[in-house]
Amino acid sequence: MFPLSGLHHDFGFGFNLFITFTFSLCHPPTINTRHAPLQLNPLKQKTKFNNQLESSMMAQNGSDNEDEHGEKLREKGSGMRLKEEEGSVERVFQHLLVPSWRNQLTVRAFVVSFALSILFSFIVMKLNLTTGIIPSLNVSAGLLGFFFVKTWTKFLEKSNFLRQPFTRQENTVIQTCVVASSGIAFSGGFGSYLFGMSEEIANQSTDTSDFKDPKLGWIIAFLFVVSFLGLFSVVPLRKIMIIDFKLTYPSGTATAHLINSFHTPQGAKLARKQVKMLGKFFSFSFLWGFFQWFYTATDQCGFQAFPSLGLKAYENRFHFDFSAIYVGVGMICPYIINISVLLGGILSWGIMWPLIKTKEGDWFAKGLGDGNLRGIQGYRVFIAIALILGDGLYNFIKVLTHTLWGLYHQIKEKQRENVLPVADQDSPSNPQLSYDDQRRIQLFLKDQIPTWFAIAGYVAIAAISTATLPHIFPQLKWYFIIVIYLIAPTLAFCNAYGCGLTDWSLASTYGKLAIFTIGAWAGAAHGGVLAGLAACGVMMNIVSTASDLMQDFKTGYLTLASPRSMFVSQIIGTTMGCIISPCVFWIFYKAFPDLGRSTSEYPAPYAIIYRNMAILGVQGFGFLPKNCLLLCYIFFAAAVAINLFKDFLGKKGRFVPLPMAMAIPFYIGPYFAIDMCVGSLILYVWERINKAKADAFAPAVASGLICGDGIWTLPASILALVGVKPPICMKFLSRAANARVDAFLGN
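With the first letter of the sequence shown counted as 1, position 483 gets the number 483 in full-length UniProt numbering; the numbers rise by one all the way through.
This is the structure in structure tokens:
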């Protein structure tokens, strides 16, 4: 779930688990073939063939050869059975009792989940408000959840107070709860649509009249009335998606393999080493952030302002800013993401913006300043929007087509079998299922969630939401909300199904569609900008939580966790997130007064982008600077063309840059791209030296760097709130500027 915001919600880059026992999951065609659609049990097929062969040869050669052939076939069959048992996951755990769904929901699990939710909410919030790139943090969430509860149970066991051992089902509950809670920091729109409503962002746009400043009360109320609908919208489809259609859900499958491996003796030993490595780099990253703080008395001070590539490059935002968090992000993100971001920075800040600045006085008026949307800032923002929309539209059509085509073939296959999937009906017994599948299906269907409960829950929450939202956003009329809630289950299904096929969540794309449709419907005279942004939030929360829940059902299916415990864990995690995430955002909002400005440490780039999308939907293109619209058309078409070319090349297309990633530095600059490429370089060198060790420990190192720097923002925010400022400003000047400063001080 942890999205590459701006990347994840359009691409769903999955988990990128670089550890040995999940490496095979990076290649969808080879993911655990026991779960592939229509995969038959090779043992029983071959045994049947062998029996036929034996009978045929006996008839031809007589009884003299019977014993010889029979012995060979029995040895072959025995070998195959042994091979199947060795490859079986559930046979490893068959001696362990699977706890009931109530016993999977333990107090200690939710205490650990609450603590980890706070940690990861800070991390996701910081990433949201800096660049919008959010890597998968599920490796660190799984590691830390396993470590904390394992330490807890070991202590109780030594004290003879342990009543219930730590199981993989409980581990899955923790994982689900943490992902659901910290996921609200993304889907809540704190770095995009929600903060885009504020006066700070409105003052940077062309429409300054329509705004709503963040308040803790209405943010929490808004999240509570929109964040649960997606959970109820897809609950009746869990059996169809997981068992009947056998959708892969690569992220959910990867998480399950991670959790299963932790609870084997070898996996637990590796996990302890990974946690130790994570702790070392967590400490280093935290202390490095603390050390840097002393030199940041004012803006443009400290290591983040170090002109490592020269002063001219620094003016165009090309520099290494010593950010541990983005070095860690670079180690987790695929190489092509980091290269794409760097290429986007070179194209925009290295070539385009310097050239467009020479047109000042011709293309746009002189003296507008660097942050005016009618000047150079307009080109930065709207060309980035064009790239994002072109890429998002292409992938929306691609994934939707893939979804509908796959659904068509699934239904046709079921019709040929004369078995149509029904939500509350048990699957017909299949004698060709493997032991693992038989065990998993049996327990997955054991604890049903009634369809009537899901429908009643959706209708009840929708009714409460329809009555509540117009009081929070008067511009969002009740009939807008009803229309959204009528079509949302269909879109939630499409997103969940597409995510199961491709691991791509298109939550933000559905949100952008809501921005344009509801914004245009409301119109400029009736607050169309705020109505569009609020509608985006409603839609994003529904479709995002729907795909997340289905991923969790897949994880639960593969770890024998009950669907009921998964659902309850999601509900509790979402409830935590609706409180924790707004409080974390409020700390940032109050501690950093320049939050949202392009020169700030926290520029929140997607806030201005989402707001300007809403303005485009309401007002059209009339306010854009000269030739900006033409450039937008060119880059929109280029994004589509690059994606077409990438898909045309097939496997070789993995070397083609991603337009969505290229768009991110267009607005905020490429400084973070250099940090990410440093992370990629570290990982590349490590893999060349010792690939096995890099695969096992690189995610732990990266997670430690991200978590340490991310959690440092909590004490930094507290210091800012109480008025404690850093004592030193470390600045870098040119020789000429330094001479003038020395002369001034000398006088």
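All C-beta atoms, glycine included, are put in the ideal place defined by N, C-alpha and C.
- 8 Å or more divides the Cβ of Leu501 from the Cβ of Gly392.
- Within a 10 Å sphere around the beta-carbon of Arg740 sit fewer than 16 other beta-carbons, which makes this residue exposed.
- In the structure shown, Thr713 falls within a helical segment according to DSSP collapsed to helix, strand and coil.
- Residue pairing for Glu360: DSSP places it in a beta bridge opposite Phe364.
- Note on geometry: alpha-carbon atoms of Leu162 and Arg108 lie some 12 Å from one another.
- The DSSP-derived three-state label of Thr555 is helix.
- Collapsing the DSSP output to three states places Thr574 in a helix.
- Shown here, Cys494 sits in a helix according to DSSP, grouped into three states.
- When secondary structure is reduced to three states using DSSP, Cys301 falls in the coil class, being assigned neither helix nor strand.
- Around the beta-carbon of Asp594, fewer than 16 other beta-carbon atoms lie within 10 Å, marking it exposed.
- In the DSSP annotation of this structure, the continuous segment of the alpha helix (DSSP H) that includes Tyr606 starts and ends at 605-619.
- Segment contact: the stretch 588-608 against the stretch 466-479, fewer than three CB-CB distances shorter than 8 Å; contact not assigned.
- Counting C-beta atoms within 10 angstroms of its own C-beta, Leu389 has 16 or more neighbours from the protein chains shown and is therefore classed as buried.
- Per DSSP, Asp594 is not a residue of any alpha helix (DSSP H), being assigned neither H nor E.
- Three or more Cβ pairs drawn from the stretch 700-711 and the stretch 118-127 lie within less than 8 Å of each other, which places the two stretches in contact.
- In the DSSP assignment, Thr296 forms a beta bridge with Cys729.
- Residue environment for Lys652: exposed (fewer than 16 other C-beta atoms within 10 angstroms of its C-beta).
- Distance from the CA of Asp695 to the CA of Met550, rounded to the nearest whole angstrom, comes to 28 Å.
- In the DSSP assignment, Thr468 falls within the unbroken alpha helix (DSSP H) covering 451-472.
- Counting every other CB atom within 10 Å of its CB across the protein chains shown gives Thr559 a total of 16 or more, marking it as buried.
- Of the candidates Ala692, Ala268, Val329, Cys177, Cys177 places its Cα closest to the Cα of Ile118.
- Taking the Cα of Asn260 as reference, the smallest distance to any Cα among Asn627, Thr208, Arg168 is reached at Arg168.
- For the pair Ser565 and Trp101, the CB atoms are nearer than the 8 Å cut-off.
- Across the structure, Phe655 and Asn643 are spaced so that their CA atoms are roughly 12 Å apart.
- Using a Cβ-Cβ distance cut-off of 8 Å, the stretch 606-621 and the stretch 237-255 are not in contact, since fewer than three pairs of beta carbons, one from each stretch, lie closer than that value.
- With respect to the 8 Å criterion, Phe318 and Leu311 are not classified as neighbours on the basis of their beta carbons.
- Here Phe146 has Asn171, Phe262, Ala271 as same chain residues with Cβ atoms under 7 Å from its own Cβ, once five neighbours each way along the sequence are excluded.
- The closest CA to that of Thr298, considering only Pro727, Asp742, Leu368, Pro354, is found on Pro727.
- When Cβ pairs closer than 8 Å are counted between the two stretches, the stretch 198-210 is seen not to touch the stretch 140-159, the count staying below three.
- In this model, Ile484 and Ala520 are separated by some 14 Å (Cα to Cα).
- In the three-state reduction of the DSSP assignment, Ala561 falls in the coil class.
- Ala463 and Asp503 have their C-alpha atoms roughly 32 Å apart.
- Here Ser569 is buried: its Cβ has 16 or more other Cβ atoms, across all protein chains shown, within 10 Å.
- Taking 8 Å as the cut-off, the beta carbon of Ala546 is found closer than this to the beta carbon of Gly230.
- Counting along the chain, Gly330 sits inside the alpha helix (DSSP H) bounded by residues 324-332.
- Contact check for Ala180 against Asp447 fails: the beta carbons are separated by 8 Å or more.
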